[in-house]
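What follows is a set of notes on a single structure, which appears directly below.
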Amino acid sequence: MDLAGIYRAEYGRCVATLARILGDINLAEEAVQDAFTTALQKWQTPPPNPGAWIVTTARNRAVDRLRRESTREARHAQALLLHHQDEPREVGPVKDDQLRLIFTCCHPALAPDARTALTLRLLGGLDVSEIARAYLVQEATVAQRIVRAKKKIRDATIPYRVPAEHELPDRLPPVLTVLYLMFNEGYASTAGPLIRTDLCTEAIRLARELATLMPDEPEVLGLLALLLLTEARRPARLDPTGELVLLADQDRSLWNRALIAEGHDLVRRCLRRNRPGAYQIQAAISAVHTDGAATDWPQVLALYDQLLVLTPTPVVALNRAVAVAEVHGPAVALASLEGVDLPGYHRLPATRAELLARLGRDDEARAAYDQAVALATNETERAYLQNRRTALTHP
Amino acid sequence: MKQYLLSVHLVEGAPAPSDEEMQTMFAETGRINDEMQASGAWVFGGGLLSPDSATVVRIENGATTMSDGPFVETKEHMAGFWVIRCADLDQALAWAEKCAAACGPVEVRPFDDLSQA
Chain A
0 MDLAGIYRAE YGRCVATLAR ILGDINLAEE AVQDAFTTAL QKWQTPPPNP
50 GAWIVTTARN RAVDRLRRES TREARHAQAL LLHHQDEPRE VGPVKDDQLR
100 LIFTCCHPAL APDARTALTL RLLGGLDVSE IARAYLVQEA TVAQRIVRAK
150 KKIRDATIPY RVPAEHELPD RLPPVLTVLY LMFNEGYAST AGPLIRTDLC
200 TEAIRLAREL ATLMPDEPEV LGLLALLLLT EARRPARLDP TGELVLLADQ
250 DRSLWNRALI AEGHDLVRRC LRRNRPGAYQ IQAAISAVHT DGAATDWPQV
300 LALYDQLLVL TPTPVVALNR AVAVAEVHGP AVALASLEGV DLPGYHRLPA
350 TRAELLARLG RDDEARAAYD QAVALATNET ERAYLQNRRT ALTHP
Chain B
0 MKQYLLSVHL VEGAPAPSDE EMQTMFAETG RINDEMQASG AWVFGGGLLS
50 PDSATVVRIE NGATTMSDGP FVETKEHMAG FWVIRCADLD QALAWAEKCA
100 AACGPVEVRP FDDLSQA
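Residue numbers (numbering that gives the first Met the number 0), protein chains in the order written: chain A, 0 to 394; chain B, 0 to 116.
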C-alpha cells in the first residue's frame, strides 16, 4: 500500500490511540501529523505494521514536544504520559480507542454539523478544504465548526470513552446518523455533481469499522448493509449521458455483485437477531430491490408498513407511497399522501407528479413537476424532472 | 473533578403551573437534591424569586450606582439552579435529565477550571 492509502486507513486509528495516551485531541492530531511527515521522509518501503510505527513515532514526538513546552495542557499531558509509562511501548492502534473517538466526535452535546465535520477530520483524516468541498461550504465555516467542537469537548469535558450498554440507545443513533448523512451527502448531493464518491467511500469505511467494533449491534450492521446495497447500484444510477435512471429501468448487470452479496449476508444476520430497527428495515428493503430479476413489491410494501410504525415520519410515508403505487395502483398511493407535508422537499411534489401522470391527470402532474423543479437544488435531478414533465402526452 | 451549573429557565407569559404541578415539582426537586447530596455531586442549589426583585450594582467613574430590576430585561429568566461536581459532561447531562424531567429545560454550563476554588 502506498503512503496515501496507509494515511487513509491508519490516520483515524492513530489519532484515536494518541488522544487516549495524551488526553487531548489537538495534541494527538499534531503528533500523528508529525509522524506521517517523518514517515514521508524515512520510509523507503512501509514497515510491516505501519499503524504501530506511526503510534510509536507520534508518541515519541509528543513527548519531545511536551518537554519543550510548559503550558498547563502540556503539563497535564505529560502527567498522563507518565501514567501510561508502564504500558508496553510498542503498541499499535487499539480498537476501543477508535470507538471512543467516534462517540466523542458524535456526542449529542455537539452541533450536528460539527459532528460530521469532526468525524471526517479526526477519523477520516480529511483536511478542512476537502470537507469544505464535499459539503460545498466555505473552508472558514468548516474550520470554525471544528475548532468550536474541539473547544467544547475540552471546556465541557466531554468524556473520551465508549458509552455503557444502557447509554447506547441515546448515544448510538447520532453516530449512525453522522455516517448515514455522510453517505447521503455523497450519493444524492444537495448541489453540484450528483455523486461525490469520496464521502460515500469514507462513510462505508467508517461503517465497516463500526460493524467490526460493535458486531452485536444490529442497527450498526443494518446501516452498513444499507450503505453497501445502495453503493452497489451506483454504476447503474446514471446513463452514459449523465441522466438519472430509475431503479426499475436500471441495467442490473452493472450492479456490484460483491457488495450485494455482502449486504444480503448482513441483512440475514440482522434477521437472525430479530431486533428490528429503522436501518435494518431500510437495508431489508434494499435487499428485496437487489434480489432476483425484479423487485417483489408486496414484500417492499410490507417492510415499509413496518418502518412506518417504527418511524412514522413524512419521508417514510413518501417512500412508502412508491411501493403502494406498485401494489395497489397510483390512485391509492396518491390518497396515502394526503396530509403528508414536507415543506421545501422536492421529492414530495415529484412523487405526486409521477402518480398524477400515471392516472392521466397531466395538468395536475405538470403543476406538481413545476413545484418539484423549483425546489430541487441538484442539476441532474432538475434535468430529470424537466424531461419527465416534457414527456407528458396529454395537452 | 469539574463543576457545572445546571440552570432552570422560565419564559414570561408561559402558562403558570397549577398548585398541584407546583407541589409535584417541589417534591421531585427535593428528591433530586437528596440524591445529589447522597452521591456527593451536590455543591449548591436553590430557586430564585422573580427578576423584578433584583437590583443591579455598577461602578461608573468611581461612583456606585444601583438600579431596580434585572441586568437585562428578557422574556426568559433563570428561575433556579444547581451547582454540581462530577467527572465529566456525561455525568452532568445525566443529572440534567433528571432535573429537566422535574423542572423543564435545563442548561448545563461548565465552570472555568481556573476560577474553581
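Note that beta-carbon positions come from the ideal geometry of N, C-alpha and C, so glycine has one too.
Which chain E residues sit within Cβ distance under 9 Å of L92 (chain B)? Of the protein chains in the structure, A and B, none is chain E.
I'd like to know if L4 (chain B) contacts chain A, where contact means its C-beta is closer than 8 Å to some C-beta of that chain. Position 5 of the second sequence, counted from the start, is the residue given in the question as residue 4 (chain B). Judged by the 8 Å Cβ criterion, L4 (chain B) is not in contact with chain A.
CB A110 (chain A) to CB I130 (chain A), shorter than 8 Å? The residue labelled residue 110 (chain A) in the question sits at position 111 within the first sequence. The residue labelled residue 130 (chain A) in the question sits at position 131 within the first sequence. Between A110 (chain A) and I130 (chain A), the gap from beta carbon to beta carbon reaches 8 Å or more.
Quick one: grab the DSSP three-state call for F80 (chain B). For the purposes of this step, residue 80 (chain B) is taken as residue 81 along the second sequence, with counting starting at 1. Strand, per DSSP.
Against P109 (chain B), what residues of chain A qualify as contacts under a CB-to-CB distance less than 8 Å, listed in chain order? Counting from one through the second sequence, the residue named residue 109 (chain B) turns up at place 110. Neighbours of P109 (chain B) on chain A, chain order: D154, A155 and T156.
How would you call M0 (chain B), buried or exposed, if buried means at least 16 neighbouring beta carbons within 10 angstroms? Mapped onto the second sequence, residue 0 (chain B) falls at position 1. By the neighbour-count criterion, in which a residue is buried when 16 or more other Cβ atoms sit within 10 angstroms of its Cβ, M0 (chain B) is exposed.
Using a Cβ cut-off of 8 Å (strictly closer), state whether K1 (chain B) contacts chain A. In the second sequence, counting from the first residue as 1, residue 1 (chain B) sits at position 2. So, interface residue.
CB of A282 (chain A) within 8 Å of CB of Y303 (chain A), strictly: What you label residue 282 (chain A) is simply residue 283 of the first sequence in a count that begins at 1. What you label residue 303 (chain A) is simply residue 304 of the first sequence in a count that begins at 1. Against a cut-off of 8 Å, the Cβ pair of Y303 (chain A) and A282 (chain A) comes out as no contact.
Close-in-space but distant-in-sequence residues of the same chain around L220 (chain A) (CB under 7 Å, 5 per side omitted): Counting from one through the first sequence, the residue named residue 220 (chain A) turns up at place 221. If you ignore the 5 residues before and after L220 (chain A), its C-beta comes within less than 7 Å of the C-beta of A210, L265, R268 and C269, all in its own chain and listed in chain order.
Environment of P47 (chain A) [buried if 16+ CB atoms lie within 10 Å]: In the first sequence, the residue the question calls residue 47 (chain A) occupies position 48. It is exposed - the Cβ of P47 (chain A) has fewer than 16 other Cβ atoms within 10 Å.
Residue range of the unbroken alpha helix (DSSP H) whose run includes L2 (chain A): Residue mapping note: residue 2 (chain A) aligns to position 3 of the first sequence, counting from 1. For L2 (chain A), the enclosing alpha helix (DSSP H) stretches over residues L2 to L21.
Check this for me: beta carbons of A352 (chain A) and A373 (chain A), under 8 Å apart or not? Taking the first residue of the first sequence as position 1, residue 352 (chain A) is located at position 353. Taking the first residue of the first sequence as position 1, residue 373 (chain A) is located at position 374. Cβ distance not < 8 Å, so A352 (chain A) and A373 (chain A) don't count as in contact.
For C105 (chain A), which three-state DSSP category applies? Position 106 of the first sequence, counted from the start, is the residue given in the question as residue 105 (chain A). Coil, per DSSP.
Can you check which of these residues, A:L243, A:I284 and A:T240, is closest to A224 (chain A) by C-alpha distance? To locate residue 224 (chain A), count along the first sequence from 1; it is residue 225. For A224 (chain A), the nearest C-alpha among the options comes from A:I284.
Quick one, which residues of the stretch 74 to 89 of chain B are near chain A if we go by CB-CB under 7 Å, in chain order? Listed in sequence order: D87, L88 and D89.
Spatial neighbours of I203 (chain A) within its chain, please: C-beta separation below 8 Å, excluding the five flanking residues on both sides. Here the question's residue 203 (chain A) lines up with position 204 in the first sequence. Closer than 8 Å at the Cβ level, and outside the excluded window around I203 (chain A), lie F182, L223, L226, L227 and E230.
Can you tell me which of A:G359, A:I53 and A:T312 puts its alpha carbon nearest to the alpha carbon of L341 (chain A)? Taking the first sequence and counting its residues from 1, one reaches residue 341 (chain A) at position 342. If we check each option's Cα against that of L341 (chain A), A:T312 comes out closest.
Just verifying my parser: in three-state terms, what is the DSSP assignment at A230 (chain A)? Along the first sequence, one-based indexing puts residue 230 (chain A) at 231. Correcting the residue type first, residue 230 (chain A) is Glu in the shown sequence and not Ala. Helix.
Please name the residue, chosen from A:L180, A:C105 and A:D126, that lies closest to A148 (chain A) on a Cα-to-Cα basis. If you number the first sequence from 1, residue 148 (chain A) lands on position 149. Looking at A:L180, A:C105 and A:D126, the one whose alpha-carbon comes closest to that of A148 (chain A) is A:C105.
Neighbourhood of A286 (chain A) by C-beta, 8 Å cutoff - its chain only, sequence neighbours within 5 removed: Counting from one through the first sequence, the residue named residue 286 (chain A) turns up at place 287. Take A286 (chain A), set aside five residues on each side of it, and the residues of its chain with a beta-carbon closer than 8 Å to its own are A224, L228, G262, H263 and V266, in chain order.
Determine the contact status of A8 (chain A) and L100 (chain A), defining contact as a CB-CB distance below 8 Å. The residue given as residue 8 (chain A) occupies position 9 in the first sequence. The residue given as residue 100 (chain A) occupies position 101 in the first sequence. One thing to note: A8 (chain A) has its Cβ no nearer than 8 Å to the Cβ of L100 (chain A).
Simplified DSSP assignment, three categories, for E106 (chain B): Position 107 of the second sequence, counted from the first residue, corresponds to residue 106 (chain B). E106 (chain B) falls in the strand class under three-state DSSP.
Is V10 (chain B) closer than 8 Å to K97 (chain B) when the C-beta atoms are compared? The residue you call residue 97 (chain B) lines up with position 98 of the second sequence. The residue you call residue 10 (chain B) lines up with position 11 of the second sequence. When the beta-carbon positions are compared, K97 (chain B) and V10 (chain B) stay at least 8 Å from each other.
Nonlocal neighbours in the same chain, by C-beta distance under 6 Å from D85 (chain A), ignoring five residues either side: By 1-based counting over the first sequence, the position of residue 85 (chain A) is 86. For D85 (chain A), the pLDDT reaches just 47, beneath the cut-off of 50, and the residue's location in the model is therefore unreliable, although a value from the coordinates is still provided. Closer than 6 Å at the Cβ level, and outside the excluded window around D85 (chain A), lies no residue.
How far does the alpha helix (DSSP H) with L209 (chain A) in it reach, from first residue to last? Sequence index remark: in the first sequence, residue 209 (chain A) carries index 210 (1-based). That run of the alpha helix (DSSP H) goes T196 to L212.
Residue(s) in a DSSP beta bridge with Y3 (chain B): By one-based count along the second sequence, residue 3 (chain B) stands at place 4. Partner(s): B:I83 and B:P109.
Which residues share a DSSP beta bridge with A148 (chain A)? Sequence index remark: in the first sequence, residue 148 (chain A) carries index 149 (1-based). As DSSP reads the structure, A148 (chain A) sits in no beta bridge.
Could you spell out the range, first to last residue, of the alpha helix (DSSP H) harbouring T389 (chain A)? For this step, residue 389 (chain A) is matched to residue 390 along the first sequence. Taken as a continuous stretch (DSSP letters only), the alpha helix (DSSP H) holding T389 (chain A) covers E378 to T389.
Rounded straight-line distance, which links the Cα of D250 (chain A) to that of P87 (chain A): Here residue 87 (chain A) refers to the residue found at position 88 of the first sequence. Here residue 250 (chain A) refers to the residue found at position 251 of the first sequence. With a pLDDT of 46 at P87 (chain A), under the threshold of 50, the modelled position of that residue is not reliable, and no figure is offered here.
Closest by C-alpha distance to T54 (chain B), when choosing among B:A40, B:A62 and B:F70: Translated into positions along the second sequence, residue 54 (chain B) becomes position 55. Per the Cα distances, B:F70.
Exposure label - R256 (chain A); buried when at least 16 CB within 10 Å: The residue given as residue 256 (chain A) occupies position 257 in the first sequence. Classification for R256 (chain A): exposed.
Suppose contacts are defined by Cβ-Cβ distances below 8 Å. Is V177 (chain A) in contact with T118 (chain A) by that definition? In the first sequence, the residue the question calls residue 177 (chain A) occupies position 178. In the first sequence, the residue the question calls residue 118 (chain A) occupies position 119. For V177 (chain A) and T118 (chain A), yes; Cβs fall inside 8 Å.
Please report the straight-line C-alpha distance between E89 (chain A) and T289 (chain A), rounded to a whole angstrom. The sequence position of residue 89 (chain A) within the first sequence is 90, counting from 1. The sequence position of residue 289 (chain A) within the first sequence is 290, counting from 1. Unreliable positioning characterises E89 (chain A) in this predicted model, as indicated by a pLDDT of 44, which lies under 50. The coordinate reading is nonetheless provided below. Distance from the CA atom of E89 (chain A) to the CA atom of T289 (chain A), rounded to whole angstroms, is 46 Å.
When you compare the stretch 121 to 137 of chain A with the stretch 373 to 382 of chain A, are there three or more beta-carbon pairs, one atom per stretch, that lie closer than 8 Å? The stretch 121 to 137 of chain A vs the stretch 373 to 382 of chain A: no contact.
Which partner residues of I58 (chain B) appear in the DSSP bridge assignment? As a working mapping, residue 58 (chain B) is identified with position 59 in the second sequence. As computed with DSSP, I58 (chain B) is found in a beta bridge with B:T63.
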